[in-house]
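One structure is given below, encoded as structure tokens.
Residue numbers (full-length UniProt numbering): 1 to 328.
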């Protein structure tokens, strides 16, 4: 039996490290920050490398690191990026038996611009012909996240699967396409979720509001729970993370670690939070696992290099033992 089925697109990320002192690049702040380049100029970089990315693959790799038997349900194109994705998933211990091949489609890819401890992502995605596996086995958990245009048949099959396997628990992190263009589908799947894991931007998008208007994190979480999920975990970068249900909500501050790059931090949180819940840890301890794992990832480049094992998560939590979850 599987412990986790992750559903979502693999992405091949090309990471570009821009020198913080680059004179052709700057950040402008008005109502929000803008990364600006001198138009028509050649921008020097310090380094670049490729890695497997995508919410579902990142969570799958993180879950394997934490001891969960994990498979990925998705579709890749018949191209070199698809071959790279499959090869990398296998090397990380993720089962690839249920990944289909779209002969007419392309594997998703992105350019990740790393500058002054923040990342800006140029992302390619086209419509996919997704295929649901005919004989998908039972699992303890499903993690359902970012997919491209054309995902609706997969979601319908997922709902059928959940009806046939009522003991399977569902965690979701809505992808950018669903948040922008598929509100009805989002509403339908939220009603079936056991856990919703989102960052602040995603939470406000779901609720169609702003933090200035809401102000109260507890209210935001309760409004998300009202949409269906029994439990919500909410991250907000350096501000820390919150998690809870209708009865209790906990907050944990970010650990004071050196930030090298933030790519994959949210997925690392999701993988560890979900793994902790799989191992029957309570919400407060799951919050510690999530923050610890994301703290490991942001200290290295790429989404996988800093992922922690169970012993290293325990060491990270012990290192910052004075930073404890606080009940709101």
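Glycine included, each C-beta is placed from N, C-alpha and C at the ideal position.
Query, Result
"Per-residue burial, residue 26 [other beta carbons within 10 Å of its own, 16 or more giving buried]", "exposed"
"Whole-Å CB distance - residue 339 paired with residue 302, under 8 angstroms assumed", "Not covered by the structure: residue 339. The range shown for the chain is 1 to 328."
"Which listed residue (264, 256, 284 and 289) has its alpha carbon closest to that of residue 272", "289"
"For residue 232 and residue 244, believed in contact at Cβ under 8 angstroms, the rounded distance", "7 angstroms"
"Minimum C-alpha distance to residue 312 - residue among 294, 125, 95 and 325", "294"
"Spatial neighbours of residue 202 in its chain, beta-carbon cut-off 8 angstroms, leaving aside the 5 residues before and after", "173, 174 and 179"
"Candidates 161, 146, 141 and 148, of which the one nearest residue 195 by Cα", "141"
"Spatially closest choice to residue 217 from 227, 239, 137 and 228, by CA coordinates", "239"
"Nonlocal neighbours in the same chain, by C-beta distance under 6 angstroms from residue 111, ignoring five residues either side", "14 and 122"
"Boundaries (first-last residue) of the beta strand (DSSP E) holding residue 241", "241-244"
"For residue 318 and residue 129, the rounded distance between their alpha carbons", "46 angstroms"
"Counterpart residues of residue 89 in DSSP-defined beta bridges", "Paired residue(s): none; residue 89 is not in a bridge."
"Residue 132 - containing alpha helix (DSSP H), residue span", "Neither: residue 132 is in no alpha helix (DSSP H) and is coded neither H nor E."
"CA-to-CA distance, residue 126 to residue 327, given in whole angstroms", "43 angstroms"
"Cβ shell of residue 148 (< 7 angstroms), same chain only, five flanking positions each side left out", "9, 108, 125, 126, 127, 128 and 177"
"Close-in-space but distant-in-sequence residues of the same chain around residue 133 (CB under 7 angstroms, 5 per side omitted)", "73 and 98"
"Identity of the residues DSSP links to residue 171 by a beta bridge", "143 and 195"
"Range of the contiguous alpha helix (DSSP H) that encloses residue 218", "217-225"
"Burial state of residue 316, where buried means 16 or more other Cβ atoms lie within 10 Å", "buried"
"Collapsed DSSP secondary structure at residue 21 in the structure displayed", "coil"
"Own chain residues within Cβ distance below 6 angstroms of residue 199, not counting five before or after", "235 and 266"
"Exposed unless 16 or more other CB atoms sit within 10 angstroms - verdict on residue 67", "exposed"
"Residues near residue 276 in its chain [Cβ-Cβ closer than 7 angstroms; skip 5 each side]", "285, 286 and 289"
"Cutoff 7 angstroms; reference residue 77; Cβ partners in own chain excluding five residues on either side", "102, 105, 106 and 107"
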